Structure formats: C-alpha cells, structure tokens
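A.B. asks: If you read the sequences in order, they're chains U and G. Quick note on my numbering: the first sequence kicks off at 1 and runs consecutively. Quick note on my numbering: the second sequence kicks off at 1001 and runs consecutively.
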Amino acid sequence: MESLSGTSILAPLLLSAQLALVTTIVLIVIGTPIAWWLSQTDSRFKPVAQAIVAMPIVLPPTVLGFYLLILLGPNGAIGGWWVQLTGNALTFSFAGLVIASCFYSLPFAVQPLQNAFESLPRQTLEFAWTQGASKLDAFFSVAVPMSVRGFVGAAVLSFAHTLGEFGVVLMVGGNIPGETRVISIAIYDSVETLNYGDAHQMSLLLLGFAFVVLFGMFVVNRRWSLR
Amino acid sequence: MGQDINLFLDASIALKHALRRGDFELDVDVQIPATGITGLFGDSGSGKTTLLRCIAGLETGMSHDPRPVHKRGIGYVFQEPQLFPHLDVRRNIEYGLRRSPSTRVDQGQVVELLGLGGLLDRKPDGLSGGEAQRVAIASVLLRSPRLVLMDEPLASLDQRRKEELLPYLDRLHDELSVPIIYVSHSIDEVSRLCDHLLLIDEGKIVASGELHEVLSRLDLPMLSGSNAGSVIDASPQRYDSVYNLTELGFSGGVLAVPGRYEARERSVRLRIAAQDVSICLSRPNATTILNVLAAEIDDVQPVGPSSALVRLAVGSEYLLALITRRSVARLDLKKGDQVFAQVKSVTVRH
C-alpha cells in the first residue's frame, strides 16, 4: 500500500498486526491459567494478584515502559538472560515488544476470561468430576467450551488494545522500521513531520478497525444473550 | 484407611463421615444395603446435602478417602439437572461413559427406560426441567456407578413434572440393581420410592432401617404429626367398574382405592398417613368411610400435649393412627385391644 507521500504504510500496519496476533496468542495461553486461578481461589493473595494484573489499566504507559525498559535492558533480569541465550538485546527488538505488550494488555485478556469462568455454575463442574472427569479434563471439556464468549472477548480486546498501544512501544521498542515501527508510532512520526496525509490514512484505518471489531463483539454478545 | 465407602460382601455400604463447619457438625457412621433405594429424610439444614457431598468427595479437606472425586465411581444427580449446554443430549449422556473404565449398563436400555429416544439430538436448553433431569439420571447410570446419590431430584420441578418423572424413578428401582441414596424432605416421595430409610437431624442419623420398620416406630419426633404414616404393599384383586374402585388385598384384609390397577402388577405400594386413620371399638356400619380393617393395638405413645400415635397390627402389617390423647383416655385404648381402623385416604404408588 503506497501512501500519498510515496512511503509505505504497509510495513507498520503489518508489523502492528503481527505484534497484536502474537501477543494475543501468548496472552490467551498465559492469561487462561491466571484467570482460572483468580476465578476459583479464596486465597488472601487474590486481591494482590488482581491489583497487579489490573495495574496496566491505570498506569501511564510511560511508567510501565520505563520499568520494562530496565527489566528488558541488557543489564535487566529478563534482558540479561535473553542476551546470554540469544546474543541479542531485547530492547528495541520485536521480541521485546511482544513481552512489553503482554504486560500492557494482560488485564484485557484476564478480565473477560475471569468473568466467564466465575459465571460457570460450580455444580456443572462438580457434575463433570463425578462423571469421571479429572479437574484438567473437566476444564478442557466443560469449562473452556462453556466460556467461549470469554475467550472471544479476551482475544478481541487483547488484539485491539495491542494494536493501539503507543507509549510502552515508544519506551521499549523505539522506532526501527520493520522491527519496532508499529502503526501508532508511524502515525506519530507522520504528524511530527507534518505529513498529515499519511497520518489521516493510518488513523482512519485504525478508527475503522476499532469500530468494526467492537461493534462486531457487541452484536455477537447481544445475539448470545438473547438466545 | 480409605473407608469413606466400603462394600462389604456386596451386602452393605458403610457411610462414615465427620465434618464441622461453624455451628454445624456432621457425624455419620451407618451401614446401608448395597441394593435398592435408601431414602435420606430430614428437614432443610439437617445435613442431607452435606452428607451426600461428603460421600461424593465434593467437600474438600474433610475426607478420609484419598481418591479424587472422579475416581470414586459415585454418581451424583443434583437438584438442578447439571447438563453440559454445549453438548447435545446424546453427547451429554455419553460424557461419563467415555470416562468410565468399564460399564455394565446397556445404553439402549437406559435410553429406553428413561424415555430419551426422541431427545437425543436436542440441546439441553430446549428441554423441560423433567426431561433435563431424566437426561442427567441417564448420564449418571450409564457410568455403572457403585452408588448413585440423588439430591432431591424432583424438588425443582412443578407438581405436573414431578408426576411425570416419578414413574421413571419407579422403573429404575424395579429394573436396575445399582444402589441409590435418595434425599428428600417429602415423606410421600420417600415412602413411595425407598426400601430403606435413614432419618437425619442436625447432622446425626437418628434412625436407620427397613422402610416399613422405621415408619412404624412411634418414638421418632421427625415422624410424628403430618409425617407419621405407614406403608403397605398390596396386590390388586378386583376392579369395580361402576364406581371405578380397585380392591387391593394384603395380609390384613382388603382396601378399596379409586382408579384401576391391574392384577398383573406385582404389588402396589400404599401410603396411609396416620392423620387419616381413626379408631372405633366396634365395627362401624353407618359410616362414609369405605375402608375399615380389624386391628389389634400394638402400642400407644403420646407425641405432644394433645396427640398420641397408635400402632395397629393389621395382619402382618402395621397402620399408624394419629388421635387425641383425650380419645385414648376416653376409649381406654391399650396394647392388645381388638379395634377397628377407619382409613379415610390412601395414597397409591402408580
């Protein structure tokens, strides 16, 4: 896709989509056990865990980005280990962006899942256990299919929210074309260089996407609840 | 020791459970037969459901049985049928079957027994409460559990659905050998379905025994008043088509009940509430009461400031009569007296 100014807006768009997709998959995998634990536990640590998971909602992305920069940097706990493992730095790389996005979008995956799991009737699971299903078996054969809405909601929100992130990416990923230059950064760049044409094109694209996704989700939810 | 439930020579099942939760304490140590239906009768809050949950292993941290719930082989029918909404009826009833190491129950027979043939391709949200409960019962039975627990399976149904489901439960009782513990706070349901009876009060078993025997006891406060009554198994003898009455015979005589019961039915269970039985010293002739039986007073016990329960031997069966203590005094009723029992109303198990 050629922009009005002749530079490609396709690369940042694809990079954003790729980042959002990978982040969504990772978040479903790690968010599901977290959400399940939160939905089932009476532990006194539950509010602590809930607060930690929800923090990215209220923190300025720069704060999250700052700490992640330190954590993921070559001298940080995760970053140092990554350098040893791969020889590359995590900061200003796509892998680093994925990790940062996972922290940033975690509440958007965990909360819909937790809500779905909490609304499962306890006795339906107990019935599955008495019918010979182990807890793990009952989770996959009963809890997951009964929570499809939660999974759809978690995936849609994680994807959309990751697509829209800016501050954290800027702090951790910088602005490397093809590696960390996602669409929100590209829009910022275009505006900075007074290239309003490109900014309009990309912004409109995101605007349309956000509306379609959220509209689609609410329509599906309505259908489900009317059934 | 792992003795939450043990099968002794297939003849009895030992239930041994203790649990404390706040003010409530459950302490049960009792044996029940390994065949037939055992009724667990008690008021709400008496610990019926808690006991079932202990047996199934659903109460965590309180069990001597190290096995997890899914390896106990104990089926549980909840008050609200718990079907899996994402599976059709067929897959619902096969859910437990697929997870069962061996099954001795014939799927076709259970489907037929519970009348599920036409429902197999439906989704649970399209079923009535009674249909859903039948599906749940079929799912449980198909696993060939060693014991089935039923927690007031009729309680969430309206009267019509109850009447609809009861005959299926009768058939289960008649045709399957799996032992069932049936929880209810309705003495009518218990009297109709069960062979053995456990009475539970404040977490303790206060009586355990064969149904007729427990029902004929006069010393149980739970079974005084409107819950007092006896059960008689009788066989249809003659149908009176003019008045639509069937005469049912038993060792103590004949009882006429409304409706038609075929002689080929092996026996019909009658429940006679104690408040529907009155006593005459001589055979009453001018009475609207149809059923009058010669009886001998077996015991008289006061059950309150003004009431007394009288146990009457009628043939080899017992009838209970709930009368006033003034009448006991006025007629000087005592053990050994030959009297006549007037039976005002009989509940028949169809």
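Beta carbons are placed, not taken as given, at the ideal position from N, Cα and C, and that holds for glycine. Predicted model only: the values in this text are computed from it and were never measured.
Rounded to whole angstroms, what's the CA-CA distance from residue 1047/G to residue 1201/G? Just pull it up for me.
C.D. replies: Locating residue 1047/G in the second sequence gives position 47, counting from the first residue. Locating residue 1201/G in the second sequence gives position 201, counting from the first residue. If you take the alpha carbons of residue 1047/G and residue 1201/G, they lie about 7 Å apart.
A.B. asks: Is any beta-carbon of chain U found at less than 7 Å from that of residue 1096/G?
C.D. replies: By 1-based counting over the second sequence, the position of residue 1096/G is 96. By this cut-off, residue 1096/G is an interface position.
A.B. asks: Along chain G, which residues have their Cβ under 8 Å away from the Cβ of residue 186/U?
C.D. replies: One-based indexing of the first sequence puts residue 186/U at position 186. Per Cβ cutoff of 8 Å: no residues; residue 186/U is ~42 Å from chain G at best.
A.B. asks: With a threshold of 7 Å between beta carbons, is residue 1070/G in contact with chain C?
C.D. replies: Considering every chain present, this structure includes no chain C. Its protein chains are U and G.
A.B. asks: Taking only beta carbons into account, state which residues of the stretch 1027-1049 of chain G come closer than 7 Å to chain U, listed in chain order.
C.D. replies: none
A.B. asks: What's the C-alpha gap between residue 162/U and residue 72/U?
C.D. replies: Position 162 of the first sequence, counting from 1, holds the residue named residue 162/U. Position 72 of the first sequence, counting from 1, holds the residue named residue 72/U. Going from the Cα of residue 162/U to the Cα of residue 72/U covers about 18 Å.
A.B. asks: Can you give me the C-alpha to C-alpha distance between residue 1070/G and residue 1052/G, rounded to a whole angstrom?
C.D. replies: In the second sequence, residue 1070/G corresponds to position 70, counting from 1. In the second sequence, residue 1052/G corresponds to position 52, counting from 1. Roughly 15 Å separates the two Cα atoms.
A.B. asks: Based on DSSP bridge pairs, tell me the residues matched to residue 1150/G.
C.D. replies: Residue 1150/G sits at position 150 when you count from the first residue of the second sequence. Its beta-bridge partners are 1077/G, 1182/G.
A.B. asks: Residue 145/U versus chain G: which residues are under 9 Å apart at the beta carbon?
C.D. replies: Position 145 of the first sequence holds residue 145/U. Ordered by position in chain G, the residues that pass the 9 Å Cβ test against residue 145/U are 1084, 1085, 1086, 1087.
A.B. asks: Could you name the residues of chain G that residue 142/U contacts, counting a contact when the two beta carbons are closer than 7 Å?
C.D. replies: In the first sequence, the residue the question calls residue 142/U occupies position 142. Near residue 142/U (Cβ distances below 7 Å), the residues of chain G are 1084.
A.B. asks: Taking the alpha helix (DSSP H) that residue 1109/G belongs to, which residues open and close that run?
C.D. replies: Walking along the second sequence from the start, residue 1109/G turns up at place 109. Unbroken alpha helix (DSSP H) run through residue 1109/G: 1107-1113.
A.B. asks: By the DSSP assignment, the alpha helix (DSSP H) with residue 1137/G in it spans what residues?
C.D. replies: For this step, residue 1137/G is matched to residue 137 along the second sequence. Here the alpha helix (DSSP H) through residue 1137/G covers 1129-1142.
A.B. asks: Quickly, what does DSSP pair residue 1289/G with across the bridge? List them, please.
C.D. replies: Here residue 1289/G corresponds to residue number 289 of the second sequence, with the count starting at 1. The partner list for residue 1289/G (beta bridge, DSSP) is empty, contrary to what the question assumes.
A.B. asks: In its own chain, which residues sit with a C-beta less than 8 Å from the C-beta of residue 1007/G, not counting the 5 before and 5 after it?
C.D. replies: Working through the second sequence from its first residue, we reach residue 1007/G at position 7. Residue placement at residue 1007/G is flagged as unreliable, the pLDDT there being 46, under the threshold of 50; the coordinate-derived value follows with that caveat. Contacts found: 1013, 1034, 1146.
A.B. asks: If we ignore side chains and look at the alpha-carbon of each, how far apart do residue 146/U and residue 1123/G end up?
C.D. replies: Here residue 146/U is taken as the residue at index 146 of the first sequence, counted from 1. Here residue 1123/G is taken as the residue at index 123 of the second sequence, counted from 1. Computed Cα separation, rounded: 14 Å.
A.B. asks: Please classify residue 1012/G: does DSSP put it in a helix, a strand, or coil?
C.D. replies: As a first step, residue 1012/G is located in the second sequence; it is residue number 12 there, counting from the start. Under the three-state reduction of DSSP, residue 1012/G is assigned to strand.
A.B. asks: Within 7 Å (strictly less), CB to CB, does residue 217/U reach chain G?
C.D. replies: By 1-based counting over the first sequence, the position of residue 217/U is 217. It does not; no Cβ of chain G falls within 7 Å.
A.B. asks: Is the number of C-beta pairs between the stretch 1140-1160 of chain G and the stretch 1082-1092 of chain G that are closer than 8 Å three or more?
C.D. replies: no
A.B. asks: With a CB to CB cut of under 7 Å and the five nearest residues on each side skipped, what residues in its chain are close to residue 1103/G?
C.D. replies: Position 103 of the second sequence holds residue 1103/G. Counting only Cβ-Cβ distances below 7 Å, and skipping sequence neighbours, we find 1097, 1142, 1143, 1144.
A.B. asks: Compare the C-alpha of residue 1298/G against each of 1336/G, 1161/G, 1286/G and name the closest.
C.D. replies: Your numbering for residue 1298/G matches position 298 in the second sequence. The residue with the shortest Cα to Cα distance from residue 1298/G is 1336/G.
A.B. asks: Check whether chain U comes within 7 Å of residue 1011/G, counting only Cβ atoms and requiring the distance to be less than that.
C.D. replies: Residue 1011/G sits at position 11 when you count from the first residue of the second sequence. Not one chain U Cβ lies under 7 Å of residue 1011/G.
A.B. asks: For residue 1354/G, I'd like the list of residues in its chain whose CB is within less than 7 Å of its CB, leaving aside the five on either flank, ordered along the chain.
C.D. replies: Nothing about residue 1354/G can be reported from this structure: the residues present for chain G run from 1001 to 1350 only.
A.B. asks: Residue 1058/G CB to nearest chain U CB: under 7 Å?
C.D. replies: Taking the second sequence and counting its residues from 1, one reaches residue 1058/G at position 58. Among the residues facing chain U, residue 1058/G is included, as its CB has a counterpart in that chain under 7 Å away.
A.B. asks: In the DSSP assignment, what are the bridge partners of residue 1347/G?
C.D. replies: For this step, residue 1347/G is matched to residue 347 along the second sequence. Bridge partners of residue 1347/G: 1271/G.
A.B. asks: Just confirm the distance between the C-beta atoms of residue 31/U and residue 106/U, as a whole number of angstroms; I'd bet it's less than 8 Å.
C.D. replies: As a position in the first sequence, residue 31/U is number 31, starting the count at 1. As a position in the first sequence, residue 106/U is number 106, starting the count at 1. Confirmed, about 7 Å.
A.B. asks: Looking at C-beta atoms only, is the number of pairs between the stretch 1239-1257 of chain G and the stretch 1209-1226 of chain G that lie closer than 8 Å three or more?
C.D. replies: no
A.B. asks: Which residues of chain U have a Cβ atom closer than 9 Å to the Cβ of residue 963/G, listed in chain order?
C.D. replies: As shown, chain G starts at 1001 and ends at 1350. That puts residue 963/G outside it, with no answer to give.
A.B. asks: Taking Cβ-Cβ distances shorter than 9 Å, what residues in chain U pair up with residue 1336/G?
C.D. replies: The residue you call residue 1336/G lines up with position 336 of the second sequence. None at all; the shortest Cβ gap to chain U is about 52 Å.
A.B. asks: Look at the alpha carbon of residue 172/U and the alpha carbon of residue 66/U, and state the distance between them as a whole number of angstroms.
C.D. replies: Your numbering for residue 172/U matches position 172 in the first sequence. Your numbering for residue 66/U matches position 66 in the first sequence. Computed Cα separation, rounded: 8 Å.
A.B. asks: For residue 1076/G and chain U, any beta-carbon pair shorter than 7 Å?
C.D. replies: What you label residue 1076/G is simply residue 76 of the second sequence in a count that begins at 1. It does; some Cβ of chain U falls within 7 Å.
A.B. asks: Under 8 Å by Cβ, that's how I've got residue 138/U and residue 129/U pegged, so tell me the actual separation to the nearest angstrom.
C.D. replies: The count along the first sequence starts at 1 and reaches residue 138/U at position 138. The count along the first sequence starts at 1 and reaches residue 129/U at position 129. About 6 Å separates the beta carbon of residue 138/U from that of residue 129/U, a gap short enough to meet the 8 Å contact definition.
A.B. asks: Return the first residue and the last residue of the alpha helix (DSSP H) that residue 1276/G is part of.
C.D. replies: On the second sequence, position 276 is the one that residue 1276/G refers to. Careful: residue 1276/G lies outside any alpha helix (DSSP H) and carries neither H nor E.
A.B. asks: Enumerate in chain order the residues of its own chain whose CB-to-CB distance from residue 1135/G is below 8 Å, with the five nearest sequence positions on each side excluded.
C.D. replies: Translated into positions along the second sequence, residue 1135/G becomes position 135. Same-chain partners within the cutoff: 1081, 1083, 1089, 1092, 1093, 1114, 1116, 1119, 1124, 1127.
A.B. asks: Of the residues 1223/G, 1099/G, 1268/G, 1177/G, which one's Cα is nearest the Cα of residue 1072/G?
C.D. replies: Walking along the second sequence from the start, residue 1072/G turns up at place 72. Taking only the C-alpha atoms, the option nearest residue 1072/G is 1099/G.
A.B. asks: In terms of residues, what are the limits of the alpha helix (DSSP H) holding residue 23/U?
C.D. replies: The count along the first sequence starts at 1 and reaches residue 23/U at position 23. Here the alpha helix (DSSP H) through residue 23/U covers 10-40.
A.B. asks: Inspect the CB distances between the stretch 1218-1234 of chain G and the stretch 1267-1277 of chain G and report whether three or more fall short of 8 Å.
C.D. replies: yes
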